[in-house]
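Below: the structure, in structure tokens.
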Amino acid sequence: MATTTLTPTAQLTKDEVLRYSRHLIMPEVGMEGQLRLKQARVLCVGAGGLGSPLALYLAAAGVGRLGIVDFDVVDFTNLQRQVIHGTGDVGRSKLQSARETIQDINPHVEVDLYETRLTSDNALDIFREYDIIADGTDNFATRYLVNDACVLLGKPNVYGSIFRFEGQASVFYAKEGPCYRCLYPEPPPPGLVPSCAEGGVLGVLPGIIGCIQALETLKLILGKGAPLIGRLLLFDALQMQFRELKLRKNPECPVCGEHPTIHELIDYEEFCGIRGGEPMQQPAGVPEITPTELKKMMDEHRRFVLIDVREPHEYEICRIPGSTLIPLGEIAKRMNELNSADEIVVHCRSGMRSAKAVQILMQAGFRKIHNLKGGILAWSDEIDPSVPKY
Ligand SMILES: [Zn+2]
């Protein structure tokens, strides 16, 4: 599959010949392949864990034009895996930081920055400028948006995703194989699949999956080898095992099937049951208190029980004084340890899991119960900055 067309006048400078010499001496790349790379236009969606190795290796290999979409700033918690950014970049825009690193690695690369959230309003206009889209996003709404925009524009979508010790990669190209929707017709229920921020991710894992995405992108540009079209690669880092699933195009697929019902981009947050990044139905009906109100209850020596529903290893990192640990998964079977006559405050890291715990306890008849809004993170921000954030 040739995604770039060569203009006859294209050529490499003397500097470029030297820089790419290890490519030029391989018959599978050679001068023609290197010129294809130089004329290729690739968009990286996200400059995070997957986007870092993607952009670094595509730039180093000589992809001529690299677009990056991101709206975030570099945070200390990013540095454990987002290797395109350094400690001195914390607080800076991820895009500015990424561009500086890329230009240091290869000044011949043209870098386009899109400092914006990718939405149904801007995705088609941005994608149109590129031959290949590499998806390094970390949420389902954007993943479906990237997929649908690629199908509608007939462009290949080089997909990767990661969680804890496991990763996936594929190439979704509806002209030649299935799309992401053929594989996952429906998003998971909101809140069911934790994000990397909630569940964690091993530092090297995005490097491995992002490098596979970079490699697949180069193969598509060069038109060499067997791309991951119609194949889902599964990687288990703990067992150090790769597995592969054959994927088939779903003739009923609403976007790439025989009778598609999706002809334009939709509201993906609504499709995924979320609003503003948070599940829509949550925390409806869950009584909340703020960290300031909790502090006041403590200062007034009010009688109440503080339950921490995080995991034991999170409790080891930090805790609110006086809290009792009952992980969310044990709430149902350990609620006999609680007295429904007591006033109860439940907290977790950010307030999501504890809202679920409050719902479970309310269904069991607990009434004097509150969720700590924003969890221990908000407690650290508003009450006790000595509590480490993670
Ligand atoms: Zn499809």
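Mapping the sequence shown onto our numbering, position 303 (from 1) lands on 340, and the numbers just tick up by one. From the three backbone atoms N, C-alpha and C, an ideal C-beta is built for every residue, glycine too. Since the model is a prediction, treat every value here as computed from it, not as a measurement.
Alpha carbon to alpha carbon, how far is residue i from residue j?
i	j	result
K256	K405	60 Å
A39	P144	At A39 the pLDDT is 48, less than 50, meaning the model places this residue with poor confidence; the figure from the coordinates comes in the next sentence. Going by the C-alpha atoms only, they are around 25 Å apart.
G214	L282	14 Å
S391	G412	8 Å
P349	A234	17 Å
A47	F279	39 Å
L161	G402	50 Å
R59	P90	20 Å
E301	D158	10 Å
L72	E53	10 Å
V120	L87	10 Å
R136	E325	42 Å
A77	E203	30 Å
T254	V195	7 Å
T298	L259	34 Å
D149	P222	32 Å
I266	L252	13 Å
C216	E330	49 Å
L55	P64	16 Å
A344	R201	One detail in the question is off: residue 344 reads as Ile in this sequence, not Ala. Distance between the alpha carbons of I344 and R201: 26 Å.
I246	L375	44 Å
G70	P425	50 Å
L49	G99	11 Å
L95	D141	13 Å
I110	Q250	A quick correction: the sequence has Val, not Ile, at residue 110. Roughly 23 Å separates the two Cα atoms.
I105	F113	21 Å
F177	D107	16 Å
K332	G101	56 Å
G244	S377	48 Å
G237	E351	11 Å
Use the C-beta contact count for residue i: other C-beta atoms within 10 angstroms, 16 or more gives buried, fewer gives exposed.
i	result
R118	buried
V292	buried
H428	Lying outside 38 to 427, the shown extent of the chain, residue 428 is not represented and no answer is given.
T153	exposed
M277	exposed
L393	Note that residue 393 corresponds to Lys in the displayed sequence, not to Leu. Buried, by the Cβ-count rule.
S423	exposed
I354	exposed
R165	exposed
I62	exposed
K212	exposed
Y427	exposed
R371	exposed
D379	exposed
Q400	exposed
K75	buried
H296	exposed
Give a single yes or no on whether residue i has its beta carbon closer than 6 Å to a heavy atom of ligand 1.
i	result
R285	no
R180	no
R218	yes
C293	yes
C290	yes
Under the assumption that residue i contacts residue j (Cβ atoms under 8 Å), give the Cβ distance between them as a whole number of angstroms.
i	j	result
L220	L269	7 Å
G197	A206	5 Å
L103	V66	That pair is no contact at about 18 Å.
V395	V323	5 Å
A92	I163	At roughly 16 Å, the Cβ-Cβ gap does not stay under 8 Å, so A92 and I163 are not in contact.
S387	L414	5 Å
L409	P328	7 Å
L239	A274	6 Å
L398	I363	Wrong, their Cβ atoms sit about 10 Å apart, outside the cutoff.
I199	L242	5 Å
P193	Y210	4 Å
R218	C309	Rounded, the Cβ-Cβ distance is 13 Å, inconsistent with contact.
Is there a C-beta anywhere in chain D that falls below 7 Å from the one on residue i?
i	result
R129	Protein chains in the displayed structure number just one, and chain D is not present.
So does residue i have its beta carbon nearer than 6 Å to some heavy atom of ligand 2?
i	result
S417	Ligand 2 is absent from the structure shown, which contains only ligand 1.
Worksheet item: Pairing CB atoms from the stretch 229-248 with CB atoms from the stretch 281-297, are three or more of them under 8 Å?
Response: No: fewer than three Cβ pairs fall under 8 Å.
Worksheet entry | Touch test, the stretch 180-188 against the stretch 303-313, Cβ-Cβ under 8 Å, three pairs minimum | Taking 8 Å as the limit for Cβ pairs, the verdict is that the stretch 303-313 does touch the stretch 180-188.
Discussion item. Check whether the stretch 170-177 and the stretch 125-135 touch, using three or more Cβ-Cβ pairs below 8 Å as the test.
Written reply: Segment contact: the stretch 170-177 against the stretch 125-135, fewer than three CB-CB distances shorter than 8 Å; contact not assigned.
Discussion item. For the structure I just gave you, are there three or more beta carbon pairs, one from the stretch 78-85 and one from the stretch 129-136, closer than 8 Å?
Written reply: Three or more Cβ pairs closer than 8 Å define a contact, and the stretch 78-85 meets that threshold against the stretch 129-136.
Fill in: Any 3 or more C-beta pairs closer than 8 Å across the stretch 413-426 and the stretch 336-343
No, the stretch 413-426 is not in contact with the stretch 336-343.
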